[in-house]
Amino acid sequence: MLDMKFAIITFVLLFTTLVNSQEPLAGGVRYEHLKIPMRDGIHLSAHAFFPTGKGPWPVLYEQRYADASSRGHQEAFAEIAQYGYVVVCGNFRGSQQSEGTWIGYRSLSLGKHKDGYDAIEWLGRQDWSTGKVGTFGSSQAGYAQNFAAVSRPPSLVAQYMIDTGLSLYQEGYRIGGTTRPERFKGMDAVCREPGHNQALMREWFEHPTFDRYWKAEDTSRHFRKMNVPCMTIGSWYDFMNQGSIASYIGRQHHGGPQSRGQQKLLIGPWLHGRFNKGASVGELVYPENAAVDLARHMVSWFDYYLKGKSNGVDQWPTVEYYVMGAVGEPGAPGNQWREVKDWPKTSQTQRKALYLHESGALHWSPPNAKNQGMVEYVSDPFAPAEIPGRSFPGARDARAFEAQKNVLVFDTPEFTQPMELTGEISAKLFVTSTAQDTDFIVRVSDVYPDGRSILIVDYIQRARYRQGFEKQVLLEPGKVAELEFHVGYLSQIFNEGHKLRVTIASTGAPLYEPNPQNGRQATIEFPSDAQRAINTVYYTKPFPSHIKVPLREAVYEGESK
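Heads up: the sequence shown runs through residues 549 to 1109, numbered per our numbering.
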């Protein structure tokens, strides 16, 4: 019966692809389904789009696990092909119509399989190829490009990454040490054989710490092997922006000779995605200058590196980022692009502490000896606070979450003059819990005069990993523990009359899947012995909980004014 179901699903996929491929594409672009051979005899499924003419042409390659056979995908690829490229979208081993066993990113370069390398070299050898290959794509295809860069295929000339990542433990399968089983059960749907994903998930849960298993899937350990120029696109309203920034820094400063000094970074006021970099973001509408046509921008990048066109790409700023400001407020500062010579490292950025105080206040001064502030709240995995969806809900009003029980809110006074924060925000919390393990979520919002609380960044930290992800240290009930962790990157000018808000909670499902709080190892299925906890956050002189914000007062060297 399972074989019959698999045969039917495969037939439907093939039939859908065939039907879509028979419909004419714009500009005379021709579609072909490819089977790309790997070194072990496995073939990967790939959708190829050829421009008109005889060629040969340079090749642009995207590697992903998601389906790319829809008409919408084909039209998007065909649009790029019209600029004189063969555009190829290939699927990971074991996903969609690709043969082999699904093992996620482990098939790409750091284990026994070198699927990224093999695919790129095969594309470079074809008669219709000039031998020059560029890679592109976002999210899953961004990760894939970092893996490909580590394997150093000779035909790979340049890359274009959007909203990318480096470590699956830190930025994918886990976030801040928290597990995401319900999210990744859904990966059954991309596999030729769903059981492969289930087996892979069981492997993950056998490795709760950042051990050799996870280090083998972390490309941040191999920057020196990355040796090609890359244009990296980041988005402020995306938790994976940390991966985009870290990719740029690692390649620019620690990469191979063709990588160091050859990187570019562009960060805009956008959500996670691919070519969705317009001016309308979440519930906000930025000025039109916030919109970037990434398809054309990408083509210019590859025209320079793969076709040798003198189009000014070498003169693009090394780092360009959008300084966000209030929207809908004429004359508000910000909402403009800024150019700098390099991304400012956190250690080189002036950061100032904003301390939690009694009555939900945030102040620049720490609590004094008279402050005996602390606040208790319930963390209940059976009745969690709600953050809908599976994607970070940035650029949206967060008051629905903030109004829920067991969510703490702290505000600064209204600003009497604009205040710019550009760089990394981190949190240091002093806490206790009646449970041996629990989570802490920290969010930062821009509160408008009309009361809207526009979410900019948030992050979560599992308490057992407060001393690092390579070991687990459970909480001792009643003993104050210190948690210090990354919250996010931003470039935001808080306008006069606005407030900065910090929100703290321990649950936010389904975005963050609840911690069972039983002190045991995490499991794929939610355990029956999960427990409710009373968590306490302290803001006293000995235990001054706070966030650190990148307060910008000086112009960076090399910045355009």
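Heads up, the beta-carbon is just placed ideally off N, CA and C, and yes, glycines get one too.
It should be emphasised that the depicted structure is a prediction, and the values quoted were computed from it without experimental measurement.
Let me know the secondary structure DSSP gives residue i once reduced to three states.
i        : result
Ser-927  : strand
Pro-729  : helix
Lys-855  : helix
Met-846  : helix
Gly-798  : helix
Thr-1084 : strand
Ala-933  : coil
Thr-780  : strand
Lys-583  : strand
Pro-756  : coil
Ala-747  : helix
Val-955  : coil
Lys-662  : coil
Pro-1090 : coil
Ile-815  : strand
Ser-569  : Because the pLDDT at Ser-569 is just 47, under 50, the model does not fix this residue reliably, and the value given afterwards should be weighed accordingly. Helix at Ser-569.
Lys-893  : coil
Ala-532  : Residue 532 lies beyond the residue range present for the chain, which begins at 549 and ends at 1109; the question has no answer from this structure.
Gly-787  : Looking at the sequence shown, residue 787 is not Gly but Phe. In the structure shown, Phe-787 sits in coil (DSSP, three-state: anything other than H, G, I, E or B).
Looking at chain C, is there any beta carbon in it that lies within less than 8 Å of the beta carbon of residue i?
i       : result
Lys-660 : Protein chain content of the structure displayed is limited to a single chain, and chain C is not contained in it.
State yes or no: is the C-beta of residue i within less than 8 Å of the C-beta of residue j?
i        : j        : result
Pro-1098 : Arg-899  : yes
Gly-809  : Asn-775  : no
Thr-683  : Leu-704  : yes
Glu-968  : Ile-1041 : yes
Val-1028 : Tyr-1086 : yes
Val-636  : Ile-628  : no
Tyr-653  : Leu-716  : yes
Gln-1065 : Pro-929  : yes
Pro-604  : Thr-678  : yes
Phe-958  : Ala-909  : yes
Asp-711  : Ile-781  : yes
Met-872  : Thr-1084 : no
Pro-892  : Tyr-903  : no
Name the residue from the options whose alpha carbon lies nearest to the alpha carbon of residue i.
i        : options                                  : result
His-1046 : Glu-627, Val-635 and Ala-880             : Ala-880
Asp-890  : Glu-877, Lys-825, Tyr-834 and Lys-812    : Lys-812
Pro-835  : Gly-882, Phe-823, Lys-918 and His-820    : Gly-882
Pro-936  : Asp-841, Pro-1058, Gln-984 and Pro-892   : Pro-1058
Leu-592  : Lys-602, His-581, Phe-598 and Pro-777    : His-581
Thr-982  : Gly-672, Arg-1080, Ile-1002 and Ser-1054 : Arg-1080
Asp-675  : Trp-752, Lys-602, Arg-799 and Val-577    : Lys-602
Trp-762  : Gln-896, Gln-718 and Asn-745             : Gln-718
Tyr-579  : Gln-800, Ala-616, Ala-931 and Asp-588    : Ala-616
Ser-895  : Ser-974, Gln-707 and Phe-597             : Ser-974
Val-979  : Arg-1010, Arg-1000, Gln-952 and Asp-994  : Arg-1010
Gly-876  : Arg-740, Arg-1000 and Tyr-925            : Arg-1000
Trp-818  : Val-840, Gly-798, Lys-733 and Arg-938    : Val-840
Arg-944  : Val-871, Val-833, Pro-914 and Gln-984    : Val-833
Gln-630  : Gly-576, Asn-745, Gly-672 and His-661    : Gly-576
Glu-623  : Pro-606, Pro-729 and Ala-596             : Ala-596
Gln-920  : His-905, Lys-680, Asp-985 and Ser-927    : His-905
Glu-1044 : Asp-994, Arg-1012 and Ala-747            : Asp-994
Met-779  : Gly-821, Val-847, Pro-892 and Phe-758    : Val-847
Asp-663  : Ala-594, Gly-816 and Tyr-996             : Ala-594
Phe-963  : Tyr-996, Tyr-665 and Cys-739             : Tyr-996
Asn-859  : Pro-865, Thr-866 and Trp-849             : Trp-849
Please report how far the alpha carbon of residue i lies from the alpha carbon of residue j, in whole angstroms.
i        : j        : result
Gly-659  : Glu-669  : 18 Å
Lys-1019 : Arg-750  : 20 Å
Arg-844  : Phe-823  : 10 Å
Ala-697  : Lys-773  : 7 Å
Ile-1095 : Leu-842  : 34 Å
Pro-1090 : Asn-639  : 54 Å
Thr-960  : Phe-988  : 21 Å
His-770  : Thr-1051 : 36 Å
Ser-1093 : Asn-694  : 36 Å
Ala-667  : Pro-585  : 7 Å
Gly-632  : Lys-825  : 24 Å
Ser-655  : Glu-950  : 42 Å
Ser-618  : Ile-1002 : 34 Å
Glu-934  : Asp-786  : 19 Å
Gln-884  : Asn-837  : 7 Å
Val-730  : Asn-916  : Position check: residue 730 holds Glu in this sequence, whereas Val was assumed. The straight-line gap from Cα to Cα measures roughly 44 Å.
Tyr-708  : Ala-747  : 32 Å
Below 8 Å, how does it come out for the stretch 722–742 and the stretch 685–699: are there three or more Cβ pairs, yes or no? Contact between the stretch 722–742 and the stretch 685–699 is absent, because fewer than three Cβ pairs lie under 8 Å.
Three or more C-beta pairs under 8 Å: does that hold for the stretch 601–610 against the stretch 640–660? These segments do not touch.
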